Structure formats: C-alpha cells, structure tokens
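Enquirer:
Printed below as a string of structure tokens:
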C-alpha cells in the first residue's frame, strides 16, 4: 500500500510516518519507483505498536527506539532479550546519595533475598524500587512503603506468573519478544487502572455506602 | 527559614520555588518585611511532596495542582476526596470510537459486575482500563489482555486492600488524604518495579539458569 493508505489505516499522519522512518523506528517502504514507496502489513503492525507504546504506555520515542532494537535483534537468546526489554522498560530515575536511599537499598536487597528472586540487587528494577521507597521516606510516608511491601511483592509475583504463562504460549520468537514488550508496557497501564477500580471499591466499603463515580 | 534555606534543604532551586508559589502549588511564605518571606516545615513538606509526584510519579505540574486542591479542600467528606484523588490520578486517555473499544468496554463492565466492585462502569479508571485493553487488541495482542485480566484483577484487589489497610490507620484527615495521593502515585512506581523484578525471576526460571542483571 502507499504511505497515504498506511496513514488512513492507522490514524497516523504522513509527516509523522516519514519522521518515524527517518528516526529508524519504522523500516522504510520498498521503493517501487524513484519517489514512490510501498508499505506492507508488517509496517502497519509496527506503526500500531509504536503508537500504543507512545500513547498508552507513555514511553518516549527514544525509549521506544531502544525497545524495538531489542525486539529486532535476532542474535540474542530469548532470556537475555527478555531481561534487556525489562531493563529498558524501567523509568531511569537516579537515586540521590542520602540516608533514605541507603536504607531503601538495604530493604530492597533483603526483599530480594527473602523471596529468593533470581535477580541481581543492581538490576535497574531494583534501583527503581529503591528510588520509590526513598521518595516515600523523604515525603514522610516511609511507613507506607514498608507496610505494603510484602503484599505488593506477593501480588507482583502473581502478575509476573500470569505474564510468563502468556509469553510461554507464544511460538515464534518475534511474537514472544513483542508480546513481552507490549505486555510489560500496556500491562502496567492495565494494572494501574485495575488498582484504581479496586481502590474505589475498597474505599466505598470502608468509608461510604454509595456507588462511587 | 528563608527561601534559600528551604531550597538547600529540599534540593530545589530558588527560582523553581518561586515558580511553584506563583502557580499556586506552594502557599506563599509569611512576609516578615516588604521583601522578605519566611517559610516553615509545612512548606518544606509540601515541596518534597511536589518533587516526589513530579519526579518519581511522573505527574505533570497541572495534574499535581489538581491533586493538591483535593488534598487541601477541607469541606469534602473523606470518601469523596478519595474518589476525586483516584479519578485525577488516572491518565486522561480518550478512547477511540472503534470496534476494539466497544468490545473492551463490554469486557470491563462484565469484569466489574463479576467481581462485585462498587464502582460505576463510567469511572475514569474503567475508561483507562478500556483504553489499555483496546490498545492491546489493536496491536494484535488482545489475547494478552483477556488472558491475564482475572489474575491481574485478583492481584489488584490484594494491593488495594493493603493500600486501604494502611490509609485506615491514619488519624488526621490531612494525613489520610495525603497518604492516599502519595500511596497511589508512588505505589504505582513501586508496583511496576516489583513486577519487573518478579518478571526477571520468572523469566530466569522459565528460559535460563543464570542470575539476570
């Protein structure tokens, strides 16, 4: 199909499509004449993926580029690709060198040990958890982080098991890696929405009786 | 304390503090002379809260302003404030009028009914879940959304119960509302990090044997 048709099908403007091609996010179309390119189903699919990661997942274009590189790198073993994708999908906050960070880092290392998780205490996700716990302590709500940590970890294991059960059912490597990326990014959005719904329900049961809007 | 001391304690520059005051996010200091204002512990605490919501929570300054308005509105009953805070903490994505959205909306309504959640199917969080499920379907991964939905909902209930158990232990109304806001925003960051850690563990158990970095 021509670029105009690709734009109509996906709701993305032609200049934006051209921009994604220039930035290397979308492979160029096949040239059918010196100034005419043809795009296929793979382009349409990739374009929808970019938009979903951008609009629903809230990823930056540069983060999307890194994640797509991991999806497209056929040489890596699946396990390494999954790790790389997970690492790149962690927001890159830098911890501050203060007492709250030191305490939070200890807490994270103890949690990983206690749960027997096969993950290094230096992994980007461990650092992200440290940053969140330290930020809670710094705003005077350290008790929240400590109080809910075990329940959250239990729920996170449950969610990760469901994620992996789904991933395991994918046959083709490309589908598998793409489904990890999509599931991780859109799964966060899904879970955050479900948590809000469950909070409104729990809050209605605790503090009020009407159905909340 | 003077504005310079407030800046040193919180790591926020003086121009930024002045900007927050102009935007109404931070109350002005008490004037001690025509061009000298004094700031107290409440300012320091509020400033740390703004930074945490901005940097770790990823909220925009306008979203932070709306949330702080809910925290500061003393007239509302607690249950309504919790609902308002939860609603404002949902990313405001608009659903597209297509078949995927209609199917996703049905799925969300059925889920709320099946779990007996006391929440309207028009709540912002229900709309956010609809948007995420429709986006999954549009990128060809609708099976993921459907496959994990019940497990996610179960985990979300567990997390929301832990959230509310913590909130219930707060005595003062101000602390209670603030702890909902902080817990909701930083709790999402905590949970996303824990989900990544648990995913790396589950992935190592499924696809490899080494400890992943």
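Residue numbers (UniProt numbering), protein chains in the order written: chain A, 1 to 213; chain B, 1 to 213.
We put the beta carbon where it would ideally sit given N, CA and C, even for glycine.
All values reported here derive from a predicted model rather than from experimental measurement.
#1: Do the CB positions of residue 134/A and residue 95/A come within less than 9 Å of each other?
#2: Kindly indicate if chain B contains any beta-carbon less than 9 Å away from that of residue 19/A.
#3: Which residues, in chain order, does the stretch 136 to 149 of chain A contribute to contact with chain B at a C-beta distance below 9 Å?
#4: May I have the straight-line CA-CA distance separating residue 58/A from residue 191/A, to the nearest angstrom?
#5: So, at 6 Å on beta carbons, what are the nonlocal neighbours of residue 129/B in its own chain, with the 5 sequence-adjacent residues on each side left out?
#6: With which residues is residue 38/A paired in a DSSP beta bridge?
#7: Whole angstroms are fine: how far does the CA of residue 2/A sit from the CA of residue 33/A?
#8: Just to check my reading of the structure: residue 37/B and residue 24/B have Cβ atoms closer than 8 Å, yes? What is that Cβ distance to the nearest angstrom?
#9: If we define contact as Cβ-Cβ less than 9 Å, is residue 183/A a contact residue for chain B?
#10: Just the chain B side, please: which residues come within less than 9 Å of residue 13/A by C-beta, in chain order?
#11: Quick one: using the 10 Å Cβ neighbour count with 16 as the cut-off for buried, is residue 14/A buried or exposed?
#12: Counting only the same chain and skipping the five closest in sequence on each side, list residues whose C-beta sits under 8 Å from that of residue 43/B.
#13: If you draw a straight line from the C-alpha of residue 205/B to the C-alpha of residue 65/B, how long is it?
#14: DSSP three-state label for residue 181/B, please.
#15: Quick one: which chain A residues come within Cβ less than 7 Å of residue 206/B?
#16: Using a C-beta to C-beta distance shorter than 9 Å, which residues of chain B count as neighbours of residue 8/A?
#17: Rounded to whole angstroms, what is the Cα-Cα separation between residue 170/A and residue 183/A?
#18: According to DSSP, is residue 139/B part of a helix, a strand, or is it coil?
#19: Under 7 Å Cβ to Cβ from residue 185/B, same chain only, skipping five residues before and after it: list those, please.
#20: Just checking my contact of residue 148/A with residue 162/B at CB under 8 Å: how many whole Å lie between their CB atoms?
#21: What are the residues of the stretch 187 to 203 of chain B that lie near chain A, defined by any Cβ-Cβ distance shorter than 9 Å?
#22: Against residue 112/B, what residues of chain A qualify as contacts under a CB-to-CB distance less than 9 Å, listed in chain order?
#23: For residue 216/A, I'd like the list of residues in its chain whose CB is within less than 7 Å of its CB, leaving aside the five on either flank, ordered along the chain.
#24: In angstroms, rounded to a whole number, what distance separates the CA positions of residue 39/A and residue 189/B?
#25: Can the beta-carbon of residue 156/A be found closer than 9 Å to that of residue 198/B?
#26: Please state whether DSSP places residue 2/A in a helix, a strand or coil.
#27: Compare the C-alpha of residue 100/B against each of 119/B, 115/B, 143/B and name the closest.
#28: If I follow the unbroken alpha helix (DSSP H) through residue 66/B, where does it start and stop?
#29: So with Cβ pairs under 9 Å, would you call residue 179/A a contact of chain B?
#30: For residue 20/B and residue 12/B, what's the separation of their Cα atoms in angstroms?
#31: For the alpha helix (DSSP H) holding residue 15/A, just list the boundary residues, first then last.
#32: In chain A, which residues lie less than 8 Å from residue 49/B when you measure between Cβ atoms?
#33: For residue 61/B versus residue 46/B, is the C-beta spacing smaller than 9 Å?
#34: Taking 9 Å as the cut-off, decide whether the C-beta atoms of residue 140/A and residue 48/B are in contact.
#35: Between 187/B, 116/B, 201/B, which has its C-alpha nearest residue 113/A's C-alpha?
#36: Using CA atoms only, rank isn't needed, just tell me which of 16/A, 18/A, 176/A, 97/A is closest to residue 207/B.
Expert: Taking the definition as stated:
#1: The count along the first chain starts at 1 and reaches residue 134/A at position 134. The count along the first chain starts at 1 and reaches residue 95/A at position 95. Taking 9 Å as the Cβ cut-off, residue 134/A and residue 95/A qualify as a contacting pair.
#2: Locating residue 19/A in the first chain gives position 19, where the first residue counts as 1. By this cut-off, residue 19/A is not an interface position.
#3: Correct list: 136, 138, 139, 140, 141, 143, 144, 145, 147, 148, 149.
#4: On the first chain, position 58 is the one that residue 58/A refers to. On the first chain, position 191 is the one that residue 191/A refers to. So the two alpha carbons sit approximately 14 Å from each other.
#5: Looking up residue 129/B in the second chain gives position 129. Excluding its 5 nearest sequence neighbours in each direction, residue 129/B has C-beta neighbours in its own chain below 6 Å: 108, listed in chain order.
#6: Taking the first residue of the first chain as position 1, residue 38/A is located at position 38. Answer is 30/A.
#7: Taking the first chain and counting its residues from 1, one reaches residue 33/A at position 33. Taking the first chain and counting its residues from 1, one reaches residue 2/A at position 2. In a straight line, the C-alpha of residue 33/A is about 12 Å away from that of residue 2/A.
#8: In the second chain, the residue the question calls residue 37/B occupies position 37. In the second chain, the residue the question calls residue 24/B occupies position 24. Rounded, the Cβ-Cβ distance is 16 Å, inconsistent with contact.
#9: Mapped onto the first chain, residue 183/A falls at position 183. The Cβ of residue 183/A sits closer than 9 Å to at least one Cβ of chain B.
#10: In the first chain, the residue the question calls residue 13/A occupies position 13. Chain B residues near residue 13/A: none, gap ~15 Å exceeds 9 Å.
#11: The sequence position of residue 14/A within the first chain is 14, counting from 1. Classification of residue 14/A: exposed, given that the 10 Å Cβ count is below 16.
#12: Looking up residue 43/B in the second chain gives position 43. The answer, listed in chain order, is 6, 26, 27, 29.
#13: On the second chain, position 205 is the one that residue 205/B refers to. On the second chain, position 65 is the one that residue 65/B refers to. Distance between the alpha carbons of residue 205/B and residue 65/B is about 44 Å.
#14: As a first step, residue 181/B must be located in the second chain, where it is residue number 181. Looking at residue 181/B - three-state DSSP - the assignment turns out to be helix.
#15: What you label residue 206/B is simply residue 206 of the second chain in a count that begins at 1. Close partners of residue 206/B in chain A (Cβ separation under 7 Å): 164, 168.
#16: As a working note, residue 8/A is residue 8 in the first chain. The premise fails here: residue 8/A is roughly 13 Å from chain B at the closest Cβ pair, so nothing lies under 9 Å.
#17: Stepping through the first chain from its first residue, residue 170/A is reached at position 170. Stepping through the first chain from its first residue, residue 183/A is reached at position 183. Counting only the Cα atoms, residue 183/A lies some 12 Å from residue 170/A.
#18: Locating residue 139/B in the second chain gives position 139, counting from the first residue. Reduced to three states, the DSSP call for residue 139/B is coil.
#19: The count along the second chain starts at 1 and reaches residue 185/B at position 185. Counting only residues of its own chain and dropping the five nearest sequence neighbours on each side, residue 185/B has a CB closer than 7 Å to the CB of 53, 57, 59, 89.
#20: Stepping through the first chain from its first residue, residue 148/A is reached at position 148. Stepping through the second chain from its first residue, residue 162/B is reached at position 162. With a beta-carbon spacing of about 4 Å, residue 148/A and residue 162/B fall inside the 8 Å limit used to define contacts.
#21: Cβ contacts with chain A: 187, 188, 189, 190, 191, 192, 193, 194, 195, 196, 197, 198, 199, 200, 201, 202, 203.
#22: Here residue 112/B refers to the residue found at position 112 of the second chain. Those within 9 Å of residue 112/B in chain A are 197, 201.
#23: Limits of chain A in this structure are 1 at one end and 213 at the other, which puts residue 216/A out of reach.
#24: Within the first chain, numbered from 1, the residue matching residue 39/A stands at position 39. Within the second chain, numbered from 1, the residue matching residue 189/B stands at position 189. If I take the Cα positions, the gap works out to 38 Å.
#25: Here residue 156/A corresponds to residue number 156 of the first chain, with the count starting at 1. Here residue 198/B corresponds to residue number 198 of the second chain, with the count starting at 1. Cβ distance < 9 Å, so residue 156/A and residue 198/B count as in contact.
#26: The sequence position of residue 2/A within the first chain is 2, counting from 1. Residue 2/A falls in the coil class under three-state DSSP.
#27: Position 100 of the second chain, counting from 1, holds the residue named residue 100/B. Among 119/B, 115/B, 143/B, the Cα nearest to that of residue 100/B belongs to 143/B.
#28: Mapped onto the second chain, residue 66/B falls at position 66. Looking at the DSSP string, the run of the alpha helix (DSSP H) that includes residue 66/B is 61 to 72.
#29: Taking the first chain and counting its residues from 1, the one referred to as residue 179/A is at position 179. Output row for residue 179/A: interface = yes.
#30: For the purposes of this step, residue 20/B is taken as residue 20 along the second chain, with counting starting at 1. For the purposes of this step, residue 12/B is taken as residue 12 along the second chain, with counting starting at 1. Within the model, the alpha-carbon separation for residue 20/B versus residue 12/B is close to 11 Å.
#31: Here residue 15/A is taken as the residue at index 15 of the first chain, counted from 1. For residue 15/A, the enclosing alpha helix (DSSP H) stretches over residues 14 to 22.
#32: Indexing the second chain from 1 puts residue 49/B at position 49. Annotation: Cβ neighbours of residue 49/B in chain A (cutoff 8 Å, chain order): 139.
#33: As a working note, residue 61/B is residue 61 in the second chain. As a working note, residue 46/B is residue 46 in the second chain. Not closer than 9 Å, so no.
#34: To locate residue 140/A, count along the first chain from 1; it is residue 140. To locate residue 48/B, count along the second chain from 1; it is residue 48. Result yes, Cβ atoms of residue 140/A and residue 48/B sit closer than 9 Å.
#35: Residue 113/A sits at position 113 when you count from the first residue of the first chain. Nearest C-alpha to residue 113/A: 201/B.
#36: On the second chain, residue 207/B is found 207 positions in, with the first residue counted as 1. When each option's Cα is compared against that of residue 207/B, the closest is 176/A.
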